Amino acid sequence: MTNPDEFRGRVREWLAASAPRRIAGDLPPAPSVKDLSDEEFETARARQRALADAGLAGLTWPAVYGGAGLDDGAQRIFDEEAAEYDLGLEAFNVAIDLVGPTLLTHGTEEQKRRYLPAILRGEELWCQLFSEPGAGSDLASLSTRAEHDSDGWRISGQKVWTSGGQHADLAILVARSDFSVPKHRGLSYFVLDMHSPGVSVRPLRQMTGDAHFAEVFLDDVPIPPENIVARPGDGWSVVRTTLGNERVAIGGDPGIEARQLITLARSQRERTGRVQADAALLDEVATLEVRNRALAALARRSARAVASGAGPGPEASIFKLEFADLQRIGNDLALRILGADGLSAGADAPAGGAWQTSLLTAPYLRIAGGTDEIQRNIIAERILGLPADRNDGRDVPFSDLARG
Ligand SMILES: Cc1cc2nc3c(=O)[nH]c(=O)nc-3n(C[C@H](O)[C@H](O)[C@H](O)COP(=O)(O)OP(=O)(O)OC[C@H]3O[C@@H](n4cnc5c(N)ncnc54)[C@H](O)[C@@H]3O)c2cc1C
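Residue numbers (the numbering used here): 2 to 405.
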């Protein structure tokens with residue numbers, strides 16, 4: 002890669018000129034599951050475009066698709082520096098963390114050239130149409146139908162929990178193209194234009210009050226033949242690539258750090274005159290930081306595997322499981338530091354209520370991208386070598402399975 006010090010300097014300079022620094026050291030990381038106003042979207046688009054213009058988007062993606070063609074060391078430097086700033090680019094997470102690596106691995110040359118540069122320039126927003134009302138953890142049991150016809154494909158079914166579905170231009174979609182084979186073998190993976198006829202989107206409100214996700218209805222939606230990713234029936238291997246990258250990405254979100262909690266304890270003491278953090282609590286803060294650093298080391302190993310084309314392995318599950326647990330602990334510690342003030346929410350609460358929002362947001366980490374239980378199953382089967390649960394109908398033609 003280029004000289005690391007020189008690269009760090011370039012990143013620092015760009016960040017200082019282009020993004021707001023975190024307002025105070027006692028704020029939690031901004032939640033990635035909030036809905037954005039039109040104005041916030043425009044700011045995010047402009048910043049993503051500026052990032053691409055500065056040669057800092059898609060650091061490990063090949064230059065031919067608009068990336069910087071650098072190694073994961075450059076990405077690490079960028080992430081370290083960017084942790085000090087509120088970049089506000091969460092709207093592009095699906096595109097950059099999920100779609101990009103998936104198309105780089107499985108896409109055709111035309112698909113890579115058509116979609117990847119536009120992703121890095123923030124020109125198109127993407128969503129992920131995987132989960133259905135009857136298929137979440139057992140995603141391979143989904144029943145959205147893909148029928149082949151002379152013009153390509155026609156899709157009918159319902160998706161749910163679609164993050165950013167109401168704003169998306171494009172989607173990655175998995176649907177069943179063959180009901181006569183076992184469930185993992187009859188799936189196909191597509192790129193869908195969300196502005197196609199037959200797509201309707203209804204936002205869903207979550208417990209923070211935001212409508213970050215939506216349900217999406219697909220009524221005989223046409224998809225041109227060139228929009229299939231990999232061959233018909235090979236969708237499951239593509240899905241696995243997407244989900245592995247999603248787990249690495251969720252685990253790589255900025256987490257709650259000891260220094261934020263210590264600053265929060267200090268500012269709380271200045272505000273109230275009381276010390277809310279006793280020795281036992283500080284001990285827990287230190288343990289959190291030790292686990293944070295161990296996770297960061299694992300993150301670097303995963304990032305190297307992804308950048309070298311090996312793809313995220315089952316360790317992505319350890320990663321996501323641990324990150325979700327650390328956020329739960331971090332939020333719990335923050336609320337204990339706030340004491341009775343932790344009960345108030347909204348702008349009048351300490352740190353503008355950011356910790357309360359963070360607390361209400363954190364449970365999503367234990368569900369999205371595969372629940373804690375599913376990560377444990379993967380770790381048990383694929384890392385520890387324990388016997389798999391083979392009673393899940395994986396050898397039976399999908400049309401013969403009892404569903405509903
Ligand atoms: C904030 C948020 C954003 C999301 N965004 C998207 C998105 O953009 N696109 C998308 O497609 N999906 C999205 N999801 C959906 C997410 O992937 C699913 O919620 C998740 O996979 C779980 O599926 P489910 O909700 O159907 O729960 P279920 O699968 O019904 O699980 C219910 C409970 O049963 C447990 N369980 C199920 N099977 C097993 C098993 N074999 N062993 C042990 N326990 C089991 C689960 O752990 C869980 O506790 C999002 C979810 C959230 C919370």
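By construction, the Cβ of each residue, glycine as well, lies at the ideal position given by its N, Cα and C atoms.
It should be emphasised that the depicted structure is a prediction, and the values quoted were computed from it without experimental measurement.
Scanning ALA47, GLY67, ARG46 for the CA closest to the CA of GLY56 turns up GLY67. Residues of the same chain with a CB within less than 6 Å of the CB of SER268, apart from the 5 flanking positions on each side, are ASP27 in chain order.
For LYS113, the enclosing alpha helix (DSSP H) covers residues 110-121.
Taking the Cα of ARG260 as reference, the smallest distance to any Cα among ARG203, ASP220, GLY331 is reached at GLY331. As summarised for the stretch 362-387, the continuous alpha helix (DSSP H) elements at least 4 residues long and confined to that stretch are 373-379, given in chain order. With a minimum length of 3 residues, the unbroken runs of beta strand (DSSP E) contained wholly in the stretch 208-252 fall at 214-224.
Shortest gap from the CB of THR103 to any heavy atom of ligand 1: 8 Å or more.
Taken through DSSP and simplified to helix, strand or coil, GLU85 comes out as coil. Residues of the same chain with a CB within less than 6 Å of the CB of PRO255, apart from the 5 flanking positions on each side, are PRO30, ALA84 in chain order. If the five residues before and after SER318 are omitted, its C-beta is found closer than 7 Å to the C-beta atoms of ARG248, GLN376, ILE379, ILE380, all from its own chain and listed in chain order. Secondary structure of GLU133 (DSSP, three-state): strand. Taking C-beta atoms under 8 Å as the contact rule, ALA45 and LEU16 fail to qualify, at a distance of about 15 Å.
9 Å or more divides the Cβ of ASP152 from the Cβ of PRO233. Per DSSP, LYS160 is not a residue of any alpha helix (DSSP H); the beta strand (DSSP E) it occupies stretches across 153-164. HIS107 carries a helical assignment under DSSP once its states are collapsed to helix, strand and coil. Distance between PHE324 and ASP150, taken at the CA atoms: about 44 Å. The closest heavy atom of ligand 1 lies 8 Å or more from the beta carbon of TYR190.
ILE173 and GLU382 have their C-alpha atoms spaced approximately 28 Å apart. In chain order, GLU133, ALA136 place their CB closer than 6 Å to the CB of LEU143, counting only its own chain and leaving out the 5 sequence neighbours on each side. The three-state secondary structure of SER201, taken from DSSP, is strand.
The beta-carbon separation of ARG177 and ARG155, rounded to 13 Å, does not stay under the 8 Å limit for a contact.
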